[in-house]
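Asks: Below you'll find the structure I mean.
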Amino acid sequence: MEKSQTTVSDVLINELTKWGITLVFGIPGTSSLGLVEALRTNKKMRYIVVRHEENAAMAASAYHKLTGKIAVCLTIAGPGASNLATGLYDAKEDRASVLSINGQVAGQYIGDGSFQEIDQDAFFRPITVYNNTIYDKTQSLKILTQALRHAIVQRGVAQISVPNDVQKAFLEVESCERETCLTNFNILPNETEIQKAVTLINESKKPVILAGWGAFDESEMLLRFAEKIKAPIVTTFRAKGIVPDDNKWLLGILGNVGSPNTRKMVVESDLLITLGVGFSKQTHVPTHKALVQVEIDPLKIGKIPFAVALWGNCSLVLPKLVEAVQIKKNDSILNEIGEMKNKWFEQLQKEADPTATPLRPPYIMKILSDVLPDDAIISIDIGENGWWFGRNFKINHQRFVMSGYLGTMGFGLPGALAAKLAFPNNTVVCITGDGGFSMAMADFVTAVKYDLPMIVVVLNNKQLAMIQVEQKIEGYSNYGTDLLNPDFAKYADACGGVGLRISKPEDFPKVLTQALQMNKLVLIDVATDSKRF
Numbered sequence: 002m003e004k005s006q007t008t009v010s011d012v013l014i015n016e017l018t019k020w021g022i023t024l025v026f027g028i029p030g031t032s033s034l035g036l037v038e039a040l041r042t043n044k045k046m047r048y049i050v051v052r053h054e055e056n057a058a059m060a061a062s063a064y065h066k067l068t069g070k071i072a073v074c075l076t077i078a079g080p081g082a083s084n085l086a087t088g089l090y091d092a093k094e095d096r097a098s099v100l101s102i103n104g105q106v107a108g109q110y111i112g113d114g115s116f117q118e119i120d121q122d123a124f125f126r127p128i129t130v131y132n133n134t135i136y137d138k139t140q141s142l143k144i145l146t147q148a149l150r151h152a153i154v155q156r157g158v159a160q161i162s163v164p165n166d167v168q169k170a171f172l173e174v175e176s177c178e179r180e181t182c183l184t185n186f187n188i189l190p191n192e193t194e195i196q197k198a199v200t201l202i203n204e205s206k207k208p209v210i211l212a213g214w215g216a217f218d219e220s221e222m223l224l225r226f227a228e229k230i231k232a233p234i235v236t237t238f239r240a241k242g243i244v245p246d247d248n249k250w251l252l253g254i255l256g257n258v259g260s261p262n263t264r265k266m267v268v269e270s271d272l273l274i275t276l277g278v279g280f281s282k283q284t285h286v287p288t289h290k291a292l293v294q295v296e297i298d299p300l301k302i303g304k305i306p307f308a309v310a311l312w313g314n315c316s317l318v319l320p321k322l323v324e325a326v327q328i329k330k331n332d333s334i335l336n337e338i339g340e341m342k343n344k345w346f347e348q349l350q351k352e353a354d355p356t357a358t359p360l361r362p363p364y365i366m367k368i369l370s371d372v373l374p375d376d377a378i379i380s381i382d383i384g385e386n387g388w389w390f391g392r393n394f395k396i397n398h399q400r401f402v403m404s405g406y407l408g409t410m411g412f413g414l415p416g417a418l419a420a421k422l423a424f425p426n427n428t429v430v431c432i433t434g435d436g437g438f439s440m441a442m443a444d445f446v447t448a449v450k451y452d453l454p455m456i457v458v459v460l461n462n463k464q465l466a467m468i469q470v471e472q473k474i475e476g477y478s479n480y481g482t483d484l485l486n487p488d489f490a491k492y493a494d495a496c497g498g499v500g501l502r503i504s505k506p507e508d509f510p511k512v513l514t515q516a517l518q519m520n521k522l523v524l525i526d527v528a529t530d531s532k533r534f
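Each residue of the sequence shown is one higher than the last, beginning at 2 in the working numbering.
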């Protein structure tokens, strides 16, 4: 049926394209059919229909983390909307800009007894930076553009609900108000504060740079800074890969997956310079250090006491610091970093036993490090697989995406879907565990449907292994962590992908190389061990 007049849905979807938004994840249904029809008729839009709304929201979150662009979730009222919550909460916690558009029951039926109705304004309030329902069609564009402004400026989740009858109402776009948004978010601290930081840096004898996600795109300037002030670089887990692991100035990750020497270097420093760091408890940033903090989010400034705080973009502040600081002389620091790294790499090499059966996770990560190309984008899950990746994967120029603060299992597969949609010419790899994959595995068939070739590596230890370790650490008996798994390789075949199984360590490099050459959707089911050491 061809439409002869423009509806509210048409106006909303067309406005999204004007903001450069062309990718939507979700599931259609009764209360969103008007919006779905507008997607169908808009040739600039792509609607990726998933099998579970949680995966839609996690994919949208991952898409922003990888690209800086907004992806949209679009689904139905009630259970469809509520299923988005975990993925949207991931976006909230990691400050990813995501827009959720949800159907709602028709206005005249709202109240007790309505089918699939929940109070969506109340439901989404704890998750969102903007949350509204379009009751008046003439406010459609204003509400949408307000939502986009808040999502972009406040770096969070915006949600709008659109009642079924409003979606289908005819609307002349000329009668609508809209709002616009800043495109430049550059912030620089004043020169007085910059000079205070420069003085501290110049006076320090043992400075250390802690680079976080907020500095991830500034690798070149970061290395110039380290070279000039002769400071080792340590990173947060999420900033792993800001420079290659073998770079002479990089010591490693600070936190639970990092080396003892990284912690030692930070503890013994006399000045810590943090660049875009969120101060996660997993990083354990010392609170007693003199601190120069560079941060774009004013609410993160002062999470631990600072000597000097520089409110601004790392991309703008770093060049100022590099230009102003004195060149330090410390000929021994590179030797010190090199010796510490060599000991750590030797430890990791010892852990990667190539003969152990079932395969050991350190060996799996070593082979992945050796074989995956530099262009690879890796989506990791939460659990032991992610822990081993952070500790044992030696990154070169690959990128990875993860669920950071929320730490939600099941992120790996939807993150990989988003990566392949964002970067179709790159190698995309999902590293997940049997627990995390089974939470999201229904959307393996989504990758088949949309022809998204990638490799899914499932570390199959038949355990919720991270929980098993935590029970042991806290002195509890192991209970409730064993998993009864299907044959994941046969499942992949049944979905239309390629399923491969590995049980011998010598087979893994060959099978992984074979999978990379296929340019197909491949699942590698790797029989591994749940024990850490």
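For glycine and all other residues, C-beta sits at the position ideal for the given N, C-alpha and C.
Got a sec, what are the start and stop residues for the alpha helix (DSSP H) Cys496 sits in?
Replies: If you number the sequence shown from 1, residue 496 lands on position 495. Cys496 -> alpha helix (DSSP H) spans 489-496.
Asks: Going by the beta-carbon positions, is the gap between Leu75 and Phe26 smaller than 9 angstroms?
Replies: Here the question's residue 75 lines up with position 74 in the sequence shown. Here the question's residue 26 lines up with position 25 in the sequence shown. In contact: Leu75 and Phe26 (Cβ atoms closer than 9 angstroms).
Asks: With distances taken Cα to Cα, identify the nearest neighbour of Arg156 among Gln117, Asn426, Glu94.
Replies: The sequence position of residue 156 within the sequence shown is 155, counting from 1. Nearest of Gln117, Asn426, Glu94 to Arg156, Cα basis: Glu94.
Asks: Given a cut-off of 9 angstroms, decide if Arg179 and Thr146 are closer than it, judged by their beta-carbon atoms.
Replies: In the sequence shown, residue 146 corresponds to position 145, counting from 1. In the sequence shown, residue 179 corresponds to position 178, counting from 1. Contact flag set, yes.
Asks: If you follow the beta strand (DSSP E) that Cys74 is in, where does it begin and where does it stop?
Replies: If you number the sequence shown from 1, residue 74 lands on position 73. First-last of the beta strand (DSSP E) with Cys74: 72-76.
Asks: Here's the rule: buried if 16 or more other CB atoms are within 10 angstroms of the residue's CB, otherwise exposed. What is Tyr477?
Replies: For this step, residue 477 is matched to residue 476 along the sequence shown. Exposed: under 16 other Cβ atoms inside 10 Å.
Asks: Quick check: the Cα distance between Val154 and Gly279, rounded to an integer number of angstroms?
Replies: Taking the sequence shown and counting its residues from 1, the one referred to as residue 154 is at position 153. Taking the sequence shown and counting its residues from 1, the one referred to as residue 279 is at position 278. If you take the alpha carbons of Val154 and Gly279, they lie about 18 angstroms apart.
Asks: Taking Val309 as the reference, which of Lys197, Ile210, Pro245 has the closest Cα?
Replies: In the sequence shown, residue 309 corresponds to position 308, counting from 1. For Val309, the nearest C-alpha among the options comes from Lys197.
Asks: Which value, in whole angstroms, describes the spacing of the CA atoms of Ser281 and Ala72?
Replies: The residue you call residue 281 lines up with position 280 of the sequence shown. The residue you call residue 72 lines up with position 71 of the sequence shown. Each residue's alpha carbon lies about 26 angstroms from the other.
Asks: Does DSSP classify Val326 as helix, strand or coil?
Replies: Residue 326 sits at position 325 when you count from the first residue of the sequence shown. Here Val326 sits in coil by DSSP.
Asks: With distances taken between CB atoms, is the gap from Ile102 to Leu418 smaller than 9 angstroms?
Replies: For the purposes of this step, residue 102 is taken as residue 101 along the sequence shown, with counting starting at 1. For the purposes of this step, residue 418 is taken as residue 417 along the sequence shown, with counting starting at 1. Annotated as distal: Ile102 and Leu418, with beta-carbon spacing of 9 angstroms or more.
Asks: In whole angstroms, give me the CA-to-CA distance for Val458 and Phe489.
Replies: As a position in the sequence shown, residue 458 is number 457, starting the count at 1. As a position in the sequence shown, residue 489 is number 488, starting the count at 1. Between Val458 and Phe489, the C-alpha separation is close to 10 angstroms.
Asks: In terms of residues, what are the limits of the alpha helix (DSSP H) holding Arg150?
Replies: Mapped onto the sequence shown, residue 150 falls at position 149. 141-154 is the span of the alpha helix (DSSP H), which, as asked, contains Arg150.
Asks: Checking 9 angstroms against the spacing of the C-beta atoms, do Val430 and Met455 come in under that value?
Replies: The count along the sequence shown starts at 1 and reaches residue 430 at position 429. The count along the sequence shown starts at 1 and reaches residue 455 at position 454. Taking 9 angstroms as the Cβ cut-off, Val430 and Met455 qualify as a contacting pair.
Asks: Using a 10 Å radius around the Cβ and a threshold of 16 neighbouring Cβ atoms, would you call Ala123 buried or exposed?
Replies: In the sequence shown, counting from the first residue as 1, residue 123 sits at position 122. The residue in question, Ala123, is exposed, as its Cβ has fewer than 16 Cβ neighbours within 10 Å.
Asks: If you follow the beta strand (DSSP E) that Leu273 is in, where does it begin and where does it stop?
Replies: What you label residue 273 is simply residue 272 of the sequence shown in a count that begins at 1. First-last of the beta strand (DSSP E) with Leu273: 272-276.
Asks: What residues in its chain sit with their C-beta under 8 angstroms from that of Ser531, if we drop five residues either side in the sequence?
Replies: In the sequence shown, the residue the question calls residue 531 occupies position 530. Within the same chain, Ser531 has close Cβ partners Glu385, Asn462, Lys463, Gln464, Ala466, Gln469.
Asks: Excluding the 5 residues preceding and the 5 following Phe509 in the sequence, name in chain order all residues of the same chain whose CB lies nearer than 6 angstroms to its CB.
Replies: Your numbering for residue 509 matches position 508 in the sequence shown. Around Phe509, the same chain offers Ile368, Ile503 as residues with beta carbons nearer than 6 angstroms, after the five sequence neighbours per side are excluded.
Asks: For His289, does the count of other Cβ atoms within 10 angstroms reach 16, so buried, or fall short, so exposed?
Replies: Position 288 of the sequence shown holds residue 289. The residue is exposed, with fewer than 16 neighbouring Cβ atoms inside 10 Å.
Asks: Any contact of the region 12-30 with the region 44-60, i.e. 3+ C-beta pairs under 8 angstroms?
Replies: yes
Asks: Between which two residues does the alpha helix (DSSP H) harbouring Gln105 extend?
Replies: Here the question's residue 105 lines up with position 104 in the sequence shown. Premise fails: Gln105 lies in the beta strand (DSSP E), 99-105, not in any alpha helix (DSSP H).
Asks: Is Asn479 helix, strand or coil by DSSP?
Replies: Locating residue 479 in the sequence shown gives position 478, counting from the first residue. Coil at Asn479, not helix or strand.
Asks: Quick one: residues in its chain with C-beta nearer than 6 angstroms to the C-beta of Val9, no 5 flanking neighbours on either side, listed in chain order?
Replies: Translated into positions along the sequence shown, residue 9 becomes position 8. Excluding residues within five positions, the ones whose Cβ falls inside 6 angstroms are Lys138, Ser141, Val167, Gln168, Ala170, Leu172.
Asks: Tell me whether Ile22 sits in a helix, a strand or coil according to DSSP, three-state version.
Replies: Residue 22 sits at position 21 when you count from the first residue of the sequence shown. Three-state DSSP puts Ile22 in coil, outside helix and strand.
Asks: List in chain order: all unbroken beta strand (DSSP E) runs of 3+ residues lying wholly within the region 277-306.
Replies: 292-296
Asks: Identify whether Arg502 lies in helix, strand or coil by the three-state DSSP scheme.
Replies: On the sequence shown, residue 502 is found 501 positions in, with the first residue counted as 1. Residue state, collapsed to three classes: strand.
Asks: Residues bridged to Tyr406 by DSSP?
Replies: For the purposes of this step, residue 406 is identified with residue 405 of the sequence shown, where counting begins at 1. According to DSSP, Tyr406 bridges with nothing at all.
Asks: Among Asn56, Leu252, Gly277, which one has its Cα closest to the Cα of Thr87?
Replies: What you label residue 87 is simply residue 86 of the sequence shown in a count that begins at 1. Measuring from the Cα of Thr87, the nearest candidate turns out to be Asn56.
Asks: What three-state label does DSSP hand Pro320 in the structure shown?
Replies: The sequence position of residue 320 within the sequence shown is 319, counting from 1. Helix at Pro320.
Asks: Distance, Cα to Cα, Val244 vs Gly213?
Replies: Here residue 244 is taken as the residue at index 243 of the sequence shown, counted from 1. Here residue 213 is taken as the residue at index 212 of the sequence shown, counted from 1. When rounded, the distance between both Cα atoms is 12 angstroms.
Asks: So, helix, strand or coil for Val130, using DSSP?
Replies: Working through the sequence shown from its first residue, we reach residue 130 at position 129. Three-state result, Val130: coil.
Asks: How long is the line joining the alpha carbons of Phe412 and Ala325, rounded to whole angstroms?
Replies: Stepping through the sequence shown from its first residue, residue 412 is reached at position 411. Stepping through the sequence shown from its first residue, residue 325 is reached at position 324. Phe412 and Ala325: Cα-Cα distance of roughly 42 angstroms.
Asks: Taking the straight line between their C-alpha atoms, what separation do you get for Pro359 and Leu485?
Replies: To locate residue 359, count along the sequence shown from 1; it is residue 358. To locate residue 485, count along the sequence shown from 1; it is residue 484. The straight-line gap from Cα to Cα measures roughly 17 angstroms.
Asks: I need the boundaries of the beta strand (DSSP E) containing Ala212, first residue and last residue.
Replies: Taking the first residue of the sequence shown as 1, we reach residue 212 at position 211. First-last of the beta strand (DSSP E) with Ala212: 208-212.
Asks: By a C-beta neighbour count over all protein chains shown, 10 Å radius and 16 as the cutoff for buried, is Thr237 buried or exposed?
Replies: Indexing the sequence shown from 1 puts residue 237 at position 236. Buried.
Asks: Among all the DSSP beta bridges, which residues are the ones paired with Ile456?
Replies: To locate residue 456, count along the sequence shown from 1; it is residue 455. Note: Ile456 sits in a beta bridge opposite Val430, Val523.
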